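Student:
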Amino acid sequence: MTKNLSYKERENALRIRIEAHKKYSTNPLDKWLEINLNLKEGGYLLDLGCGTGNFFPIYADKLQNNGLIVGVEKELSLIKGAQSLNLLTPKILLNMDMDGYWPFTEGTFDYVISTFAIYYVDSSKKVLENIYKILKKRGEILLIGPSVNNAIELYDFNHDLFGIKHTEEAMERSKRLKDEFYPLIKQLFGEVTYSLIDNKVVFPNKFEFIEYYRATPLFEGSCEINKYKPQYKEMLEAVQAESPIITKEMSVVWGRK
Ligand SMILES: C[S@@+](CC[C@H](N)C(=O)[O-])C[C@H]1O[C@@H](n2cnc3c(N)ncnc32)[C@H](O)[C@@H]1O
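When you line the sequence shown up against the working numbering, it's residues 39 to 295, in that order.
1) Considering only residues of the same chain and omitting the five flanking positions on each side of lysine 265, which have a CB-CB separation below 6 Å?
2) Output the distance between the C-alpha atoms of isoleucine 190 and leucine 83, rounded to the nearest integer angstrom.
3) Would you call the region 140-147 and the region 273-288 touching, i.e. three or more CB-CB distances under 8 Å?
4) Leucine 126 and asparagine 103 look like a contact to me (Cβ under 8 Å); what is the Cβ gap, rounded to whole Å?
5) Using a Cβ-Cβ cutoff of less than 7 Å, which residues in the same chain neighbour leucine 71 once the five nearest sequence positions on both sides are dropped?
6) How many whole angstroms separate the CB atoms of proline 184 and serine 212, which I take to be in contact at a CB cut-off of 8 Å?
7) Going along the chain, which residues of its own chain have a beta-carbon closer than 7 Å to the beta-carbon of alanine 51, five neighbours each way excluded?
8) With DSSP as the reference, please indicate the residues paired to lysine 238 in a beta bridge.
9) By Cβ distance below 6 Å, which residues in the same chain neighbour tryptophan 292 in space, the five residues on each side in sequence not counted?
10) So, under 8 Å CB-CB, glutamate 287 and asparagine 187 are touching, yes? Tell me the CB distance rounded to an integer number of Å.
11) Which complete beta strand (DSSP E) runs does the region 111-162 hold, if anything under 3 residues is left out?
12) Comparing the CB of lysine 112 with every heavy atom of ligand 1, is any distance shorter than 6 Å?
13) Does the region 152-166 come into contact with the region 221-240, if we say contact requires no fewer than three beta-carbon pairs (one atom in each stretch) closer than 8 Å?
14) Shorter than 6 Å, the distance from the beta carbon of phenylalanine 154 to the closest heavy atom of ligand 1, or not?
15) Just the C-alpha distance for methionine 39 and glutamate 206, rounded to the nearest angstrom, thanks.
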């Protein structure tokens, strides 16, 4: 990978997007994880790019009080949100960059999970080799993120406003789980699967849609490229539907060592 795909996440923007996903998704990821994620009681789990610990309560419910959650996050302001969560499972939070040094002993974790984060790293190969090392024998990796069909309606809207559908970075990130991580995981791990989670975010009105759009890396990137920030009124007038819908299809890569 030559392009810099990193992104500085802001606490408020992340909170807005998480809230919208939770409230308006037809198939919210938290529900999907509750049903589909098999974690054994007492398991040790590493969450890479954990942000505010959005899914920690789901993990804790499964790992119980003899398990462990370790969260890795490069933005200190976000870690504070995760730190304040009151969970049954003990947790350790590390202000760490996945592209930097990994301070873990080999064979420590039963699970390494990353939701909507791993595709921001510089080197998928280095990160996956690190994950492989710190997983126990038969340990599992689960990566979830956008598919190429993710946010297509948002790209059309972005085109109406800025004359560009998406930034190159946004497109690259959406392709990465399937085109880059999945083949590498197949080389390293024993059992591996790739699948899609079908989901749409149905906004109740234009205002909620605009709030969401303004909280995306796509909007920030487009403002930067065009050296221009559209007025709120202009954005509102550009929305066609009364209840805008965004496709939020997700890629899921799972592997067992
Ligand atoms: C879209 S947020 C997702 C947060 C959380 N996993 C969730 O699903 O709610 C992406 C997170 O990954 C973090 N991140 C991005 N690149 C990172 C890196 N190289 N090392 C550690 N964290 C990173 C960001 O700071 C951000 O908190």
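No residue lacks a Cβ here, since even glycine has one placed at the ideal position from N, Cα and C. Note that the structure is predicted; figures quoted are calculated from it, not measured.
Tutor: The short version:
1) In the sequence shown, counting from the first residue as 1, residue 265 sits at position 227. For lysine 265, where only same-chain residues beyond five positions count, there are no Cβ hits under 6 Å.
2) To locate residue 190, count along the sequence shown from 1; it is residue 152. To locate residue 83, count along the sequence shown from 1; it is residue 45. The straight-line gap from Cα to Cα measures roughly 33 Å.
3) no
4) Taking the first residue of the sequence shown as 1, we reach residue 126 at position 88. Taking the first residue of the sequence shown as 1, we reach residue 103 at position 65. The pair is a contact, with the Cβ atoms about 5 Å apart (cut-off 8 Å).
5) Position 33 of the sequence shown, counted from the start, is the residue given in the question as residue 71. Closer than 7 Å at the Cβ level, and outside the excluded window around leucine 71, lie Phe93 and Ile96.
6) By 1-based counting over the sequence shown, the position of residue 184 is 146. By 1-based counting over the sequence shown, the position of residue 212 is 174. Going by Cβ atoms, the distance from proline 184 to serine 212 rounds to 4 Å, so yes, they are a contact pair.
7) Within the sequence shown, the letter at position 13 stands for residue 51. Contacts found: Ala253.
8) Reading the sequence shown from its first residue, position 200 is the one you call residue 238. Partner(s): Thr285.
9) Taking the first residue of the sequence shown as 1, we reach residue 292 at position 254. If we look at tryptophan 292 and ignore the five residues flanking it on each side, its Cβ neighbours are Leu180 and Thr231.
10) Looking up residue 287 in the sequence shown gives position 249. Looking up residue 187 in the sequence shown gives position 149. Right, their Cβ atoms sit about 4 Å apart.
11) 129-133 and 147-153
12) Position 74 of the sequence shown, counting from 1, holds the residue named residue 112. Yes, the Cβ of lysine 112 comes within 6 Å of a heavy atom of ligand 1.
13) yes
14) Taking the sequence shown and counting its residues from 1, the one referred to as residue 154 is at position 116. Yes - ligand 1 has a heavy atom lying nearer than 6 Å to the Cβ of phenylalanine 154.
15) To locate residue 39, count along the sequence shown from 1; it is residue 1. To locate residue 206, count along the sequence shown from 1; it is residue 168. Residue confidence for methionine 39 is low, a pLDDT of 49 falling below 50, so the modelled location carries little weight; the figure read from the coordinates is stated next. CA-CA distance, methionine 39 to glutamate 206, rounds to 13 Å.
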